[in-house]
Amino acid sequence: MSGKFTETLQNSKLEYAVSFLPPVVLNFEFPADYPSTSPPLFTLNCKWLSQAQLTALCRNLDNLWEENRGSVVLFAWMQFLKEETLAYLNITSPFEPEITKQEKQPKEEGASYDIQDAASAHGESSNAITEEDVESLSILIKEILDFDQSQKEKEFNCKMFTCNICFSVKQGSECMDFKDCRHVYCKICVKNYFEIQIKDGQVHCLNCPEPQCSSVATPGQVKELVEEKLFALYDRLLLQSSLDLMADVVYCPRPSCQTPVMQDPSCTMGICSRCNYAFCTLCKMTYHGVSPCKVTAEKLADLRNEYLEADQTTKQFLEKRYGKRVIQKALEEMASKKWLECNSKSCPCCGTPIEKLNGCNRMRCTACMQYFCWLCMGALSRINPYKHFSDPGSPCFNLLFQMMEIDE
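In terms of numbering that gives the first Met the number 0, the sequence shown opens at residue 0 and continues consecutively.
In structure tokens:
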């Protein structure tokens, strides 16, 4: 049985597609004179039908008995309820169930509500009563969706599937399907795949292994397959990555702590609630008040690149954070480095930058006094540095004055 239910909440309308509906339950009891004289005593229950609809079904069951009085009627009732209920009640898709609250009759202590009582309460015109125990539409929708999901799982577990990783044919109970794309793989392959991704810290990469598929496994599926310790790691990394996306959350800089700290947008000081460490939320060093953040040599290159690529607002923020003098120093060092890369070469011995203005290709470093060739940058003999240019086997043979500028 399939259908689509609509839940109306205030001015919004939500539709849910389901493949399985909770059953219409027929409870019955045979009197001593059935089927010769009396019909079965019965109650009819269904969570998604209203009292009026259940009453209509009960009356039709009574009519079936009248048409077949003296005969076994139970199978005809079951056939009608199974195959003709929707058509008889004119139920089509989308269907919006009606919720009718029933007044609960008070019970005396020790009293019971059985089929006999239910049958007698049906009245003279009918031998059955209707029951409706759903109190709200939201509860009803949840019960229908839960039932639909449980039935789909049962159906899935009974089918056979081919794993798209190991290509083994296995029963559905040994497989897992990704909810969005419905691609199916055996649990062993998916378990190994999840374990590798989690150990590598790729908690956001638990996607369907199918190429070009973006469907992601649910945390419940991950918990079902991996060990408890590994799932705890997955849960922690997932939480941490979520906190990283929050602009007002920073972490305590102490390696042994790393506690998330809520950041006050109007202040650059963060105080760890666990170790009480006060730190600057910008540079992660000890809180330094209004003084500019200190910049390490390793971070200087990143700072100048960030400054050059930033817009005017970001540039003003960086100048306020680190100080204009630090920014200017970073830019000057970057310009100097570029000039040296274009106009100088490094000494092959000590690495000192050297500029060649004129003269021959035999060079000497002023820092370490090492002779070297400007063309091949090879170190030369201190005793006879010119031998390199007069040796026929040298790559720079007769190139002592190569590329030398001659004044006119």
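Cβ coordinates follow ideal geometry from the N, Cα and C atoms, glycine included.
Residues that Val260 bridges to, as DSSP identifies them = Val249
Please state whether DSSP places Val168 in a helix, a strand or coil.
-> strand
Going by the beta-carbon positions, is the gap between Ala378 and Cys348 smaller than 8 Å?
-> yes
Does DSSP put Thr312 in a helix, a strand or coil?
-> helix
Where do the ends of the beta strand (DSSP E) carrying Asn44 lie?
-> 40 to 44
Around the C-beta of Glu107, are 16 or more other C-beta atoms found within 10 angstroms, so that it is buried, or is it exposed?
-> At Glu107 the pLDDT is 35, less than 50, meaning the model places this residue with poor confidence; the figure from the coordinates comes in the next sentence. So Glu107 ends up on the exposed side.
In angstroms with no decimal places, state the Cα-to-Cα distance between Leu237 and Asn191.
-> 19 Å
Assigned exposure category for Pro93 - 16 Cβ within 10 Å defines buried | exposed
The beta strand (DSSP E) spanning Asn59 covers which residue range?
-> Element bounds for Asn59: not the beta strand (DSSP E) but the alpha helix (DSSP H), 50 to 66.
Close-in-space but distant-in-sequence residues of the same chain around Ala216 (CB under 6 Å, 5 per side omitted) | Leu205
Below 7 Å CB to CB, which residues in the same chain sit around Leu229 once its five sequence neighbours on both sides are set aside?
-> Glu194, Ile197
Do you know whose CA, among Leu139, Asp243, Cys341, Pro291, lies nearest Leu20's CA?
-> Leu139
Three or more C-beta pairs closer than 8 Å, one from the stretch 49 to 56 and one from the stretch 176 to 192: is that the case here?
-> no
Rounded C-beta distance between Cys372 and Arg361? I'm assuming under 8 Å.
-> 7 Å
Identified DSSP bridge partners for Ile270 | Looking at the DSSP output, Ile270 bridges to Ala277.
May I ask which residues mark the beginning and end of the alpha helix (DSSP H) holding Tyr87?
-> 84 to 87
If you scan the stretch 284 to 357 from start to end, which runs of the alpha helix (DSSP H) of 4 or more residues do you find wholly inside it?
-> 296 to 308, 311 to 321, 323 to 342
Measuring CA to CA, which of Cys346, Tyr15, Tyr306 is closest to Thr365?
-> Cys346
Grouping DSSP H, G and I as helix and E and B as strand, with all else coil, what is Asn156?
-> helix
Leaving out five residues on either side along the sequence, give the residues of the same chain with a beta carbon under 8 Å from the beta carbon of Phe396.
-> Phe388, Ser389, Asp390
Return helix, strand or coil for Val189, following the three-state DSSP convention.
-> helix
Can you check DSSP and say which residues form a bridge with Arg363?
-> Tyr370
So what does Glu28 bridge to, in DSSP terms?
-> Leu40
Using the Cα positions of Asn412 and Val225, report the straight-line distance between them to the nearest angstrom.
-> Past the boundaries of the shown model lies residue 412; the chain is included only from 0 to 407, so the question cannot be answered.
Those residues which DSSP pairs with Thr161 across a bridge | Val168
Just confirm the distance between the C-beta atoms of Val248 and Pro259, as a whole number of angstroms; I'd bet it's less than 8 Å.
-> With 8 Å as the limit, Val248 and Pro259 qualify as a contact, their Cβ atoms being about 5 Å apart.
Buried or exposed: which applies to Val325, given that a residue is buried once 16 or more other Cβ atoms fall within 10 Å of its Cβ?
-> Around the Cβ of Val325, a 10 Å sphere holds 16 or more other Cβ atoms; the residue is buried.
Coil, strand or helix - Phe177 by DSSP = coil
Can you check DSSP and say which residues form a bridge with Val183?
-> Asp176
State the beta-bridge partners of Val215 as determined by DSSP.
-> Asn206
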